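Participant: Encoded as structure tokens, here's the structure I'll be asking about.
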Amino acid sequence: MGEQAGNEPRIVVGVDGSASSRAALTWALRQAELTGAVVEAVLAWQPPDAWYGLVPPAGTLDAYREAAGGVLARALAETVDAARASRVRSRVAEGNPAAVLLEAARGAELLVVGHRGHGFAGALIGSVGLHCTHHAPCPVAVVRGDPASGGTTEGHGDGRHRPGP
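First residue of the sequence shown? That's 35 in the working numbering, and the numbers climb one at a time after it.
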């Protein structure tokens, strides 16, 4: 699992360590097998809001970055088998999760997100998933269910939205 693929068709999937995001990753892997695409697993993290306007203690951001990488590595290890590993790219990015996923989805065939993420805002579709369905530059699949069942999907967006300047 490495860096971004060249001009191969891509399926971008948001991963946050939740069961819902593992279901999304599982679904994206199956879709990639059907379409010949590579899967780009993206985990976005943000410094805690409590630091707004303050300088965090030395080494703290590195620790958060490392922890985020660990979450992504565990999700991939639990979900991606050896036969699929060569078709998976991964990256950790600092920033608002919805903004990071939308940027990653530029030029992708499909963006896949879990039904719910972490936090109270995930009560219905999840704030990240909802934002992505309204603003993605490509079609979005929202995966419901758990990884064991393979989940079910809902298609959102037709890929026509092109964010303006």
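Beta carbons are placed, not taken as given, at the ideal position from N, Cα and C, and that holds for glycine.
Quick caveat, the model's predicted, so the values are computed rather than measured.
Leaving out five residues before and five after LEU106 in sequence, what residues of the same chain have Cβ atoms less than 7 Å from its Cβ?
Facilitator: Taking the sequence shown and counting its residues from 1, one reaches residue 106 at position 72. Around LEU106: VAL49, ALA75, LEU77, SER124 and VAL126.
Participant: Use the C-beta contact count for LEU136: other C-beta atoms within 10 angstroms, 16 or more gives buried, fewer gives exposed.
Facilitator: Taking the first residue of the sequence shown as 1, we reach residue 136 at position 102. With 16 or more other Cβ atoms within 10 Å, it is buried.
Participant: For ARG121, collect the residues of the same chain with a Cβ closer than 7 Å to its Cβ; drop the 5 residues on either side in sequence, then sort them by chain order.
Facilitator: What you label residue 121 is simply residue 87 of the sequence shown in a count that begins at 1. Excluding sequence neighbours, ARG121 sits near ALA66, VAL72 and VAL73.
Participant: Which of the three DSSP states is assigned to GLY148 in this structure?
Facilitator: Sequence index remark: in the sequence shown, residue 148 carries index 114 (1-based). Looking at GLY148 - three-state DSSP - the assignment turns out to be strand.
Participant: Between the Cα of ILE45 and the Cα atoms of HIS169, ALA111 and LEU68, which residue gives the shortest distance?
Facilitator: Taking the sequence shown and counting its residues from 1, the one referred to as residue 45 is at position 11. Residue LEU68 is the option with its Cα nearest to ILE45.
Participant: May I ask which residues mark the beginning and end of the beta strand (DSSP E) holding ARG123?
Facilitator: Along the sequence shown, read from residue 1 onward, the residue named residue 123 stands at position 89. ARG123 -> beta strand (DSSP E) spans 122-128.
Participant: Quick one: give me the first and last residue of the beta strand (DSSP E) that GLU74 is part of.
Facilitator: Within the sequence shown, numbered from 1, the residue matching residue 74 stands at position 40. Per DSSP, GLU74 belongs to the beta strand (DSSP E) from 72-79.
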